[in-house]
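**Q** Provided herewith is a single structure, encoded as structure tokens, for subsequent inquiry.
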Amino acid sequence: MLERTAGCLELGSVRRFVPGCKSMKSRRMLHSAFWNHGAMELELSPLWQVLIQGTAHNDRPIETNEHDNSGGMMLDFLYPSGALNLIGQYSPWTPDRTDFRRTMGLGRIGQRHYTSAAGDGSVTMSRRAEEVGCQYEVKSMEHRVDWEVQHLKSDGTGQTSAFLRSISESTRTNDYEEAWRQFGQLNSDNKLALAPRLLSYLISSNRPIDADRIVSVFDTIRDQAGHSSYEALVNAHVVLRNYEDAANVHSESLATFRKPTSSDRLLGLLIQYGRWDMAFDAWKTVKDLGTASPRNGHDIWARVVYLPNLNEKVLQMVSGLTSHLSDTPDLDISRELPVDKVTFITEALSIALFPQDDFSEANFLSVFSRLESLGLATESIYQNTILKLLKMDRTKMVVRLYRKFRQTGGIPTTRILDAILKIFCKYKSNMGIHQILEDWVRHFDKPSSPAYRMVMTAFASQGNVEAVKGLWKKYLERQTYGRIRNADDLLPLMHVHAKRGEVDEVVNIFESMEAEYKVVPNIKHSNILLNVYGKAHAVDKAFEHYNKLLDSDVHPDKITIGTMMGICTQRGDAIAARELYNSAAGLGIRPNIVMVDCLVLGDIQNGNINKAEETCMKALTMALDGPKTRMWNYLLVAYAMGRDLENVSRVHRIMESSNVSPDTYTYSALMQALAVAGQPSRAWKILTEAMPEAGIQATEFHYAVVMGGFIATKELDMVFHVRDHMLSRPEGLKPAVSSNIQTLKAAVMDDSRRIQSGDADTDFAKAEDYFFQFLMNADRQELASNPRKGMGHEPLDVAYSAAYFDFYMFVCGQHKAFDRVKRLYDNFLQRLPEDRRSQPPIRILNALMVSRLKENDHDGVQEAWEFALMRAKERGKPISGNNLLLYSHRLSLCRPLSTLIKSLAAQNKLTQLKETIADIRAFGFELDSNNWNLYVQALTKAYKYQEAFGVCEKRLMPGWLGWAMIRQVEPRRNRLSLKDRARKRDPTYLRPIYHTILMLSRAYLDMEGSYSAAGQAYHVLKYVDQHCPLTLNAIQTMRRTEDELEKKMLGTTQG
């Protein structure tokens, strides 16, 4: 019944409802097996027609030479194989029983020896493989030959034109059923003439039913078949997996036409299904013709590369072809096998190295190891494989394979040496750079000029001045008369000094270029000069040179504008940076990524993080040269420093959704967010787990971030554990200034704990050992690294020494090691350039003030304060020269001011203190929460109660969040939000501390104890009641805890 139903649907849809030559194909709503099981058009035997009767009535007469195919269809998947064999004995294999007679020969071998399945029975290959095959087939399609034209008779019914339309390019290319139906309606002469056209059309099908049709049709034209028809027949046998038949047809076609015939399809089939000897024979036959190479228009391996699990199949084939050989470690099959078979195995393994769809490192290594074990990894194999890996940008594999190649003693090409040298320079692999230089000398006597310049540039970016100078000397020796021809040759020499902040050296080279080297500086040299001015904070000199450029024939470029904007943002002058950005259009310079980065950073420095984020979002739609990651990293760090994990996560999601690729600094920003939020363990997890999984190389800066997080949580053991982990890395990660500063801080804190515990023998022994160890091993090359943690915003030639000295001086001063502080200060000044010694950085001056305060040297404190005030005003001055203080410098005096408040309070100089605070606030400086608390405490100690209460109420109490003890005992959950808890660590968030409230409470109690209607206390209490409600509420709601500070300030409540 199923077959009869299917046959009726076929008849109804094709013959009754679509009369004539016009076809209207419909997709019948039955299971796909009805139409794709592979036996749709098999004719039934006479015996079967008796069992299954069907009638079909056309609306017009049917030609007598057209076979009545109305008996239904055989669904062969419903029957056992024995029944099918019986039926097959009676079933002819031609579309027209009267016109087609089976001839003995090649046509007979196409008969299938299996039951059709509902799926595609073709060789499993990717769609791309079919496209490759089709390209070859299109190239090899025949034009009509004379005999085809002679036998093509005019047909008044239009059947010929209908058939041609069904296979023309203007119709659907996969409507094989319609083409077959139209072909069946042709008369016998036209069928013979148009059979090659049908075969060329059906060759693109992978259905077994179409393969059967190709075999049957080919039988009718075998004596006149052309090359394309043979290709169709080979392809049909490939689809039917008739290995021997396909090989036989292939051999006959090669002998007849002397050119490949679907050879790539045949080779893919034989390798896929383990017919290795036949695969070799087919390859050899084509090779002997000299046409198996892509250079000759046919790549016999074209389809093999698309085979699934290619490496496994090829390795199995190689094992099968070499199974009779002895299994020795140093096997050289070139001595054991014929040359052709060795070549075949070599080509097969080489193809298996690079499968088209599923390249993997593990598969690559397994195949290449087989090449090596068989002694086939020749010099040319190594070189070609390395070049292919370079084209695929598989840099790690390139390096790994090249190092194996070096061990074989092979000679690399100069192209390979330059390409691998570029990789090593990019990733700053000094060992790799030295290896390539050695290979240059070993094989070519000396490196090429491009190699010299590449290596000097790489070492210059690392700040390795000794290496650059040594290479520069050798480079000059290879030049004619020791003279350079190009001014760009001097760029690495200038760049290395600029990375180290050595202004004088850069200026000397720049000014001597014409006199000493006979070359004229260009804009590249000016950009390096501007860059080193910026690192030395020589803003005036930078703008002076920039203005000269505007008036000269050397025109600024986008790097010039970006460098100048970077100088402005480093100064904190976002307005000047934006003015430069706007001026670029007038110079014909389009915005680039560096310029937009500076805009974002400038807005963040000005406290306008919302505007910075708007700029980042706008940049996503701009066509900029380079990745947009850095600006988003700035945004991440800004939110991280504000302990705003919610916005950090949100920004990171935007980056992912906008395809902004993370880089090494993105991970450091995320780690910084966790470290600042008091979660260094999660930051440590990112460093040790997430980054390796993402393929991001950890740097010394990443370790410094995690160490800083553990210092903040006082987990000192973890600080040293993280440092040990960094030192034990296999690539030998070298500690530098960022991690050294964190180590020194941890050592100082550890020694302080020991001193407080009563261990008098310690006396900062560990910290002092680290301090002098770091100073002795100090290398200015570390200044080339970027970014740096703990360096502050000082000029590069000052910040390096200040980073080590300020914290150690501060701690020594806190513990009254005054003589040591003086020696350290003198030592620090000696390390500065002479023109810097009169302007010590504020951080060093603050450490000196702390020491002098402990020593009760109040005059020394005042002297250092005046130095600090002068430096802060100078650094905070806008580039435009007006008297306004830059926003980013408003908190520059907070730390030294705290020390000054304590000094003036100790001397009872409250009037001077009040005037000092008023003056610096008028200039634009601001006080942080610690400053205001110290000021209130100083006023309280001086019995200026009304002023103390007034300052506390106005400055501190608006940010007070209540007593934590009260919130904890309330019946409902009333904890602070994450945002409020994060604000408590922000120095600009003003709130009273516990000590300040206790002192004001003591003052309030004293005033109540001396209460008199006519006394001063009465007026102060009245003022407090009327004007300080928040402060009074804090005092009245405070609960006693009987801690030591409370007992000291308020006394005990017991007894």
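According to this note's numbering, the sequence shown is numbered sequentially starting from 126.
Beta carbons are placed, not taken as given, at the ideal position from N, Cα and C, and that holds for glycine.
Could you check how far apart the C-beta atoms of residue 589 and residue 621 are, in whole angstroms? I think they sit under 8 Å.
**A** The pair is a contact, with the Cβ atoms about 7 Å apart (cut-off 8 Å).
**Q** With respect to the alpha helix (DSSP H) encompassing residue 538, which residues constitute its N-terminal and C-terminal limits?
**A** Per DSSP, residue 538 belongs to no alpha helix (DSSP H) and is neither H nor E.
**Q** With a floor of 4 residues, list each alpha helix (DSSP H) that falls wholly inside the segment 353 to 379, ordered by position along the chain.
**A** If we require 4 residues or more, the segment 353 to 379 turns out to have no alpha helix (DSSP H) run fully inside it.
**Q** Does DSSP put residue 203 in a helix, in a strand, or in coil?
**A** Confidence in residue 203 is poor, its pLDDT being 49 and thus under 50, which makes the residue's placement too unreliable to answer from.
**Q** May I have the straight-line CA-CA distance separating residue 341 from residue 429, to the nearest angstrom?
**A** So the two alpha carbons sit approximately 28 Å from each other.
**Q** Please go through the same chain and pick out, in chain order, the residues whose beta-carbon is closer than 7 Å to the beta-carbon of residue 575, but skip the five residues on each side of it.
**A** Contacts found: 543.
**Q** Report yes or no: do the segment 782 to 795 and the segment 818 to 829 share at least 3 C-beta pairs separated by less than 8 Å?
**A** The segment 782 to 795 is in contact with the segment 818 to 829.
**Q** Please report how far the alpha carbon of residue 196 lies from the alpha carbon of residue 431, in whole angstroms.
**A** Low confidence applies here, because residue 196 scores a pLDDT of 38, under 50, leaving its location unreliable and the question unanswered by this model.
**Q** For residue 1141, which three-state DSSP category applies?
**A** In the structure shown, residue 1141 sits in a helix (DSSP, three-state: H, G or I).
**Q** Alpha carbon to alpha carbon, how far is residue 957 from residue 937?
**A** Their backbone Cα atoms lie some 21 Å apart in a straight line.
**Q** When the Cα of residue 760 is compared with those of 735, 1030 and 781, which residue comes out closest?
**A** Of 735, 1030 and 781, the residue nearest in Cα terms is 735.
**Q** So residue 601 and residue 607 are in contact, right, with Cβ under 8 Å, and what is the actual spacing, rounded?
**A** Right, their Cβ atoms sit about 5 Å apart.
**Q** When the Cα atoms are used, what is the spatial distance from residue 378 to residue 433?
**A** Approximately 28 Å between the Cα atoms of the pair.
**Q** For residue 680, which residues in the same chain have their Cβ closer than 8 Å to its Cβ, ignoring the five residues on either side in sequence?
**A** 648, 674 and 712.
**Q** Does the Cβ-Cβ distance between residue 1112 and residue 1016 come in under 8 Å?
**A** Yes, the Cβ-Cβ distance between residue 1112 and residue 1016 is below 8 Å.
**Q** Leaving out five residues on either side along the sequence, give the residues of the same chain with a beta carbon under 8 Å from the beta carbon of residue 772.
**A** Excluding residues within five positions, the ones whose Cβ falls inside 8 Å are 764.
**Q** Put residue 676 into one of helix, strand or coil per three-state DSSP.
**A** Three-state result, residue 676: coil.
**Q** Quick check on residue 608 - is its C-beta less than 8 Å from some C-beta in chain C?
**A** The structure shown has no chain C; it contains just one protein chain.
**Q** Give the DSSP-derived three-state secondary structure of residue 747 in the structure shown.
**A** If DSSP states are grouped into helix, strand and coil, residue 747 belongs with coil.
**Q** In whole angstroms, what is the alpha-carbon distance linking residue 583 and residue 559?
**A** Rounded to the nearest angstrom, the two C-alpha atoms are 12 Å apart.
**Q** CB residue 551 to CB residue 585, shorter than 8 Å?
**A** No, these two residues do not count as a Cβ contact at 8 Å.
**Q** Unbroken alpha helix (DSSP H) runs of length 4 or more, entirely within the segment 825 to 900: which are they?
**A** Listed in chain order, the complete alpha helix (DSSP H) runs (minimum 4 residues) inside the segment 825 to 900 are 825 to 837, 841 to 852 and 862 to 881.
**Q** State buried or exposed for residue 816, treating a residue as buried only when at least 16 other CB atoms are found within 10 Å of its CB.
**A** Residue 816 should be labelled buried.
**Q** Assign residue 965 to one of two classes, buried (16 or more other C-beta atoms within 10 Å of its C-beta) or exposed (fewer than that).
**A** Buried, since its Cβ has 16 or more Cβ neighbours within 10 Å.
**Q** By a C-beta neighbour count over all protein chains shown, 10 Å radius and 16 as the cutoff for buried, is residue 1162 buried or exposed?
**A** Exposed.
**Q** When you compare the CB positions of residue 978 and residue 950, do they come within less than 8 Å of one another, or not?
**A** No, these two residues do not count as a Cβ contact at 8 Å.
**Q** How would you call residue 715, buried or exposed, if buried means at least 16 neighbouring beta carbons within 10 angstroms?
**A** Under this definition residue 715 is an exposed residue.
**Q** Verify whether the separation of the beta carbon atoms of residue 407 and residue 449 is less than 8 Å.
**A** The answer is no: Cβ separation not under 8 Å.
**Q** Could you name the residues of the same chain whose beta carbon sits closer than 6 Å to that of residue 395, not counting the 5 residues immediately before and after it, in chain order?
**A** Closer than 6 Å at Cβ, skipping near neighbours: 403 and 404.
**Q** Let me confirm a value: residue 664 is counted as buried when at least 16 other C-beta atoms fall within 10 Å, else exposed. Which label applies?
**A** So residue 664 ends up on the buried side.
**Q** Let me check understanding here. Comparing Cα to Cα, which of 806, 808 and 745 lies closest to residue 785?
**A** Residue 745 is the option with its Cα nearest to residue 785.
**Q** Can residue 1024 be considered in contact with the ligand ZN, in the sense that its beta carbon sits closer than 7 Å to one or more heavy atoms?
**A** This structure lacks the ligand ZN, and indeed carries no ligand of any kind.
**Q** Output the distance between the C-alpha atoms of residue 725 and residue 696, rounded to the nearest integer angstrom.
**A** Straight-line Cα distance between these residues: approximately 14 Å.
**Q** Under 8 Å by Cβ, that's how I've got residue 694 and residue 723 pegged, so tell me the actual separation to the nearest angstrom.
**A** That pair is a contact at about 5 Å.
**Q** How many angstroms separate the CA atom of residue 943 from the CA atom of residue 975?
**A** Going from the Cα of residue 943 to the Cα of residue 975 covers about 10 Å.
**Q** Go to residue 626, then tell me how far its alpha helix (DSSP H) extends in each direction, as first and last residue.
**A** No alpha helix (DSSP H) holds residue 626; DSSP gives it neither H nor E.
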